[in-house]
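Engineer: Position 8 (the sequence shown) corresponds to 8 in the working numbering; numbering is contiguous.
I have a structure here, written as structure tokens, and I will follow up with some questions on it.
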Amino acid sequence: MLAAAILPTLILSPIPAHLTNPRYLYLPLLATAAGYAIAFDAILVAFANSRWARAIVWLALALFIFFNSATIGERIENRAGFTRQLRQQFRAIYQTHPTVAPGTYLYFLEMPLQTLDISGLMFLRYGANVTVNGIDQPRDAALQNHSAAFVYYYDEPGRFKEQAVQPNATVEVALPIQFENSIALEKIEIVNTTARRGEAFIAILHWRAAQRPARDYTLFAHLTTAAGASIAGADSQPQRGRAPTTTWRARQRVLDYLIIPIDADVPPGEYQVQIGWYDLQTMQRLARADASGDTILLGSFRVIE
């Protein structure tokens, strides 16, 4: 019993973060199992001289195991069905990439599972050739540090859509840039500055607020011509509403992303991307603290055939 209690915990010792993973919730049951074993042994000892009493105890134990096993079996089957449905969402990725080259990097902006779980699924499919990261992780995306990288998000039908990371895609913006109400843009990770019609311009934004914002602000991202005419855009609260600004903690770094879909009727050419914040209730934009207006110009983006 002591060995059974110690051995399963050894794999957790080098990785403390895994203690919060649901797959290790069975560990507290070790104490429950030990308690049942001690109680059952005590009952058998108490009725050592009564054959019928011992038979009843064994029968009760058998019924207990049977009914609990049936319940566990049903729940395992339900869980397996749920898992199969989740795995169906990754079918498009598997079909597009039957195999991947060593060093391939997959980054998920939107996900049905935690990054750790998606990483496990991808490992089963591709082995050690693939590395997985996601927006739920506080670390940098590091998109440019890999030989082949792809970013995934949901399209309108709710299917995964893929955008390849453009090598050396960057924008020249002097950071940090502070907005009123203490919100500051500290870092930008650009996925691509060139896109075909039907694709999207994507960037990962690192924000930090000196204090918790009092209101939920909406981030706008506009693709505009040099004359300022808006061609495409996307407005959303951070992480498409999953991380509203009123939930930010003071000095906490928050990862957000912008996705600007390029429709089929967008003419090829050079454009600019402008981003900023506004209050949806009042439509009032947040001004920059440096008195340089209320937008950040990310630079030049190109739409091609």
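Glycine included, each C-beta is placed from N, C-alpha and C at the ideal position.
Where does Phe179 sit, in a helix, a strand or coil, going by DSSP?
Structural biologist: Here residue 179 corresponds to residue number 179 of the sequence shown, with the count starting at 1. Looking at Phe179 - three-state DSSP - the assignment turns out to be strand.
Engineer: Classify Gly81: buried if its beta carbon has 16 or more other beta carbons within 10 angstroms, exposed otherwise.
Structural biologist: The residue labelled residue 81 in the question sits at position 81 within the sequence shown. Exposed is the call here.
Engineer: From this set, His97, Thr131, Pro167 and Tyr154, which residue's C-alpha is nearest Gln144's C-alpha?
Structural biologist: Within the sequence shown, numbered from 1, the residue matching residue 144 stands at position 144. The residue with the shortest Cα to Cα distance from Gln144 is Pro167.
Engineer: Give me, in chain order, the residues of the same chain whose beta-carbon lies closer than 8 Å to that of Leu113; leave out the 5 immediate sequence neighbours on both sides.
Structural biologist: Within the sequence shown, numbered from 1, the residue matching residue 113 stands at position 113. The residues are Leu86 and Leu121.
Engineer: In chain order, what residues of the same chain lie with their CB nearer than 8 Å to the CB of Ala243, ignoring the 5 residues before and after it?
Structural biologist: Here residue 243 refers to the residue found at position 243 when the sequence shown is read from its first residue. These residues qualify, in order along the chain: Gln237, Val254 and Asp256.
Engineer: Between the alpha carbons of Gln88 and Leu109, how many angstroms are there, rounded?
Structural biologist: Counting from one through the sequence shown, the residue named residue 88 turns up at place 88. Counting from one through the sequence shown, the residue named residue 109 turns up at place 109. Each residue's alpha carbon lies about 18 Å from the other.
Engineer: Where does Ser69 fall in DSSP's three states?
Structural biologist: The sequence position of residue 69 within the sequence shown is 69, counting from 1. The answer is helix: DSSP assigns Ser69 an H, G or I state.
Engineer: Which residue from Pro98, Arg215, Trp248 and Ile56 puts its Cα closest to that of Leu124?
Structural biologist: Position 124 of the sequence shown, counted from the first residue, corresponds to residue 124. When each option's Cα is compared against that of Leu124, the closest is Pro98.
Engineer: Any idea what DSSP makes of Leu298, helix, strand or coil?
Structural biologist: In the sequence shown, counting from the first residue as 1, residue 298 sits at position 298. If DSSP states are grouped into helix, strand and coil, Leu298 belongs with the strands.
Engineer: Would you be able to state if there are at least three C-beta pairs under 8 Å between the stretch 285-296 and the stretch 227-236?
Structural biologist: They do not touch, by the three-pair rule.
Engineer: Could you check whether Leu258 and Ala203 sit closer than 8 Å to each other, using their CB atoms as the reference points?
Structural biologist: Indexing the sequence shown from 1 puts residue 203 at position 203. Indexing the sequence shown from 1 puts residue 258 at position 258. Yes, the Cβ-Cβ distance between Ala203 and Leu258 is below 8 Å.
Engineer: Assign Thr20 to one of two classes, buried (16 or more other C-beta atoms within 10 Å of its C-beta) or exposed (fewer than that).
Structural biologist: Counting from 1 along the sequence shown, the entry for residue 20 is found at position 20. Model confidence at Thr20 stands at a pLDDT of 48, short of 50, so the residue's coordinates are unreliable and nothing is read from them.
Engineer: Counting C-beta neighbours from all protein chains within 10 Å, is the total for Phe301 16 or more, i.e. buried, or is it exposed?
Structural biologist: As a first step, residue 301 must be located in the sequence shown, where it is residue number 301. Classification for Phe301: buried.
Engineer: Measuring straight from C-alpha to C-alpha, what distance separates Ile190 and Val171?
Structural biologist: In the sequence shown, residue 190 corresponds to position 190, counting from 1. In the sequence shown, residue 171 corresponds to position 171, counting from 1. Taking the straight line joining both Cα atoms gives about 7 Å.
Engineer: Where does Gln281 land, buried or exposed, given buried means 16+ other C-beta within 10 angstroms?
Structural biologist: Reading the sequence shown from its first residue, position 281 is the one you call residue 281. Label assigned to Gln281: exposed.
Engineer: Expressed to the nearest angstrom, what Euclidean distance is found between the alpha-carbon atoms of Leu2 and Ala70?
Structural biologist: Here residue 2 corresponds to residue number 2 of the sequence shown, with the count starting at 1. Here residue 70 corresponds to residue number 70 of the sequence shown, with the count starting at 1. Distance between the alpha carbons of Leu2 and Ala70 is about 28 Å.
Engineer: Measure from the alpha carbon of Asp279 to the alpha carbon of each residue in Asp216, Ile231 and Tyr271, then state which is nearest.
Structural biologist: Your numbering for residue 279 matches position 279 in the sequence shown. The shortest Cα separation from Asp279 among Asp216, Ile231 and Tyr271 belongs to Asp216.
Engineer: With a cut-off of 8 Å on the beta carbons, I'd call Ile260 and Ala174 a contact; round off their distance for me.
Structural biologist: Here residue 260 refers to the residue found at position 260 when the sequence shown is read from its first residue. Here residue 174 refers to the residue found at position 174 when the sequence shown is read from its first residue. With 8 Å as the limit, Ile260 and Ala174 do not qualify as a contact, their Cβ atoms being about 22 Å apart.
Engineer: So Thr308 is in the beta strand (DSSP E); what residue range does that whole segment cover?
Structural biologist: Because the chain here runs from 1 to 305, residue 308 falls outside it and cannot be looked at.
Engineer: Can you find the residues in the same chain that come closer than 6 Å, C-beta to C-beta, to Ser119, ignoring five residues on each side of it along the sequence?
Structural biologist: Position 119 of the sequence shown, counted from the start, is the residue given in the question as residue 119. The residues are Val132.
Engineer: Only counting the same chain, and skipping five residues up and downstream in sequence, which positions put a Cβ closer than 6 Å to that of Pro16?
Structural biologist: Along the sequence shown, one-based indexing puts residue 16 at 16. Confidence in Pro16 is poor, its pLDDT being 49 and thus under 50, which makes the residue's placement unreliable; the coordinate value appears in the next sentence. If we look at Pro16 and ignore the five residues flanking it on each side, it has no Cβ neighbours.
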